[in-house]
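K.L.:
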Amino acid sequence: MRKKIVAGNWKMNLTFAEAQLLASDVVKEFAANTPDGVELVLCPSFPFIMEVHAKIPSNSSISVGAQNCASESAGAYTGEVSAKMISSLGVTYVILGHSERRAMFHETDELLVKKLGQVLTNNLNPIFCCGETLAEREAGKHFEIIKNQLVNGLFHLASADFAKVVIAYEPVWAIGTGVTASSAQAQEIHQFIREVVTDKYGDAVAIDCSILYGGSCNAANAKELFANADVDGGLIGGAALKAKDFVAIANSF
Ligand code: PEP
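Letter 35 of the sequence shown, counting from 1, is numbered 792 in the numbering used here, and no numbers are missing.
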């Protein structure tokens, strides 16, 4: 089902105490300024997931997500965290295909297909990231790059599984740079993504798909970005580390 979602990717930030405090502050701020029909997702580092989850009152529209998961189900994979382990903590979402993981950890489309399988098998919802680099945009290849990421990463799924996927469009040149895609650039790509999904899965599935924007989205620019017909929310990095800013973003629809 298409939802308004604002997800915070805390990346490799915060100590345990800081993560606990941020989770409590988000819960308080959200209770004081509850946006209408918006789901918040907190994606802390693995060691903090349980404690962050414990801070969230039941019946709240705040969920917890992981930033990654293993491509294998279990076994001798030292240092890895399986989707089954994540699922057993009461987590709802897993971010997959973030550009930092594609670039720094050499995550390929093939690896992402395996991770996606683990996520879906364990009843988790993937937040699947796609987006072009600056060089790709300047070469006019952004539509092709994004389509390929979707086709190679997701389009093997049957409709019922695809319906569990949230897509995040994250232009690499906008992530952590302070440079945001313009509202028109975001809408152009989100509309394109929905068209590509329509061609593969049909109108009903495409209309139901939540497509988030990520890349230097903050409390000052979220309103303009979220006003677009095909922008269903945001995947937020830096601004998710401040409770007031994060909840203000969720109140920007
Ligand atoms: C991200 O890493 O997903 C992200 C969008 O980061 P930032 O908001 O800091 O650009």
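Don't be surprised by glycine CBs; every beta carbon is placed ideally from N, CA and C.
Note that the coordinates shown come from a computational prediction; the quantities given were computed from them, not determined experimentally.
Mark F862 as exposed unless 16 or more other C-beta atoms lie within 10 angstroms of its C-beta, in which case mark it buried.
P.N.:
As a working note, residue 862 is residue 105 in the sequence shown. That one is exposed.
K.L.:
Pair every Cβ in the stretch 954 to 973 with every Cβ in the stretch 985 to 997, then say whether three or more of these pairs are closer than 8 angstroms.
P.N.:
Yes, since at least three Cβ pairs between the stretch 954 to 973 and the stretch 985 to 997 fall closer than 8 angstroms, the two stretches touch.
K.L.:
I need the boundaries of the alpha helix (DSSP H) containing G874, first residue and last residue.
P.N.:
As a first step, residue 874 is located in the sequence shown; it is residue number 117 there, counting from the start. Start and end: 866 to 878.
K.L.:
Excluding sequence positions up to five away, which residues of its chain have a Cβ less than 8 angstroms from the Cβ of L771?
P.N.:
As a working mapping, residue 771 is identified with position 14 in the sequence shown. For L771, where only same-chain residues beyond five positions count, the Cβ hits under 8 angstroms are L779, P801, S802, F805, L998.
K.L.:
Just to confirm before moving on: does the CB-CB distance between V1004 and E808 stay below 8 angstroms?
P.N.:
As a position in the sequence shown, residue 1004 is number 247, starting the count at 1. As a position in the sequence shown, residue 808 is number 51, starting the count at 1. No. Outside cutoff.
K.L.:
Roughly how many angstroms lie between the CA atoms of D793 and N1008, to the nearest whole one?
P.N.:
Within the sequence shown, numbered from 1, the residue matching residue 793 stands at position 36. Within the sequence shown, numbered from 1, the residue matching residue 1008 stands at position 251. In a straight line, the C-alpha of D793 is about 8 angstroms away from that of N1008.
K.L.:
For my contact list, T878 and A831 are in at a C-beta cut-off of 8 angstroms; report their separation, rounded to the angstrom.
P.N.:
Mapped onto the sequence shown, residue 878 falls at position 121. Mapped onto the sequence shown, residue 831 falls at position 74. In fact, because the Cβ distance is near 12 angstroms, the residues do not count as touching under 8 angstroms.
K.L.:
In the DSSP assignment, the alpha helix (DSSP H) including K980 goes from what residue to what residue?
P.N.:
For this step, residue 980 is matched to residue 223 along the sequence shown. Here the alpha helix (DSSP H) through K980 covers 979 to 983.
K.L.:
Can you tell which of S815, S818, N825 has the C-alpha that lies nearest to the C-alpha of M733?
P.N.:
Any question about residue 733 goes unanswered here, given that the chain covers just 758 to 1010.
K.L.:
Cβ atoms of S856 and G822: under 8 angstroms apart, would you say?
P.N.:
Counting from 1 along the sequence shown, the entry for residue 822 is found at position 65. Counting from 1 along the sequence shown, the entry for residue 856 is found at position 99. For G822 and S856, no; Cβs fall outside 8 angstroms.
K.L.:
How about G874: is its Cβ closer than 7 angstroms to a heavy atom in the ligand PEP?
P.N.:
Here the question's residue 874 lines up with position 117 in the sequence shown. No - the ligand PEP has no heavy atom lying nearer than 7 angstroms to the Cβ of G874.
K.L.:
So, for L846: in the same chain, excluding its five sequence neighbours on each side, which residues have a beta-carbon less than 8 angstroms away from its beta-carbon?
P.N.:
The residue you call residue 846 lines up with position 89 of the sequence shown. Within the same chain, L846 has close Cβ partners I806, M807, H810, V821.
K.L.:
Excluding the 5 residues flanking T849 on each side, which residues of the same chain have their C-beta closer than 8 angstroms to its C-beta?
P.N.:
Translated into the one-based positions of the sequence shown, residue 849 becomes position 92. For T849, where only same-chain residues beyond five positions count, the Cβ hits under 8 angstroms are V798, S820, V821, G822, L881, N882.
K.L.:
Return the first residue and the last residue of the alpha helix (DSSP H) that N766 is part of.
P.N.:
The residue given as residue 766 occupies position 9 in the sequence shown. Segment 761 to 766 is the beta strand (DSSP E) holding N766; no alpha helix (DSSP H) there.
K.L.:
May I ask you to check if the CB of E864 is nearer than 7 angstroms to at least one heavy atom of the ligand PEP?
P.N.:
For the purposes of this step, residue 864 is taken as residue 107 along the sequence shown, with counting starting at 1. Not under cutoff, so the answer is no.
K.L.:
By Cβ distance, which residues of its chain are closer than 7 angstroms to F1010, with the 5 residues on each side in sequence left out?
P.N.:
What you label residue 1010 is simply residue 253 of the sequence shown in a count that begins at 1. For F1010, where only same-chain residues beyond five positions count, the Cβ hits under 7 angstroms are K761, P792, V795, F983.
K.L.:
Would a C-beta distance cut-off of 8 angstroms place E1019 and C966 closer than the cut-off?
P.N.:
A query on residue 1019 cannot be resolved here, the shown segment of the chain reaching from 758 to 1010 and no further.
K.L.:
Hey, how far is the Cα of D960 from the Cα of V763?
P.N.:
Walking along the sequence shown from the start, residue 960 turns up at place 203. Walking along the sequence shown from the start, residue 763 turns up at place 6. Going by the C-alpha atoms only, they are around 24 angstroms apart.
K.L.:
When you measure from the CB of I1006 to every non-hydrogen atom of the ligand PEP, does any distance come out below 7 angstroms?
P.N.:
Taking the sequence shown and counting its residues from 1, one reaches residue 1006 at position 249. Answer for I1006: no, Cβ out of range of the ligand PEP.
K.L.:
Quick one: is V953 buried, meaning 16 or more other Cβ sit within 10 Å of its Cβ, or exposed?
P.N.:
The residue you call residue 953 lines up with position 196 of the sequence shown. Buried, because 16 or more other Cβ atoms sit within 10 Å of the Cβ of V953.
K.L.:
With DSSP as the reference, please indicate the residues paired to S856 in a beta bridge.
P.N.:
In the sequence shown, counting from the first residue as 1, residue 856 sits at position 99. Bridge partners of S856: none, in fact.
K.L.:
Is C800 near the ligand PEP, in the sense that its beta carbon is under 7 angstroms from a heavy atom of that ligand?
P.N.:
On the sequence shown, position 43 is the one that residue 800 refers to. No, the Cβ of C800 stays beyond 7 angstroms of every heavy atom of the ligand PEP.
K.L.:
Is it true that the CB of N985 sits closer than 8 angstroms to the CB of S940?
P.N.:
Sequence index remark: in the sequence shown, residue 940 carries index 183 (1-based). Sequence index remark: in the sequence shown, residue 985 carries index 228 (1-based). Going by C-beta atoms, S940 is nearer than 8 angstroms to N985.
K.L.:
Rounding to the nearest angstrom, what Cα-Cα distance links Q906 and C974 in this structure?
P.N.:
In the sequence shown, counting from the first residue as 1, residue 906 sits at position 149. In the sequence shown, counting from the first residue as 1, residue 974 sits at position 217. In a straight line, the C-alpha of Q906 is about 22 angstroms away from that of C974.
K.L.:
Beta-carbon separation of S828 and L868 under 8 angstroms?
P.N.:
Here the question's residue 828 lines up with position 71 in the sequence shown. Here the question's residue 868 lines up with position 111 in the sequence shown. In contact: S828 and L868 (Cβ atoms closer than 8 angstroms).
K.L.:
Is any non-hydrogen atom of the ligand PEP found closer than 7 angstroms to the C-beta of L992, if you look at the structure I gave you?
P.N.:
Translated into the one-based positions of the sequence shown, residue 992 becomes position 235. The answer is yes for L992.
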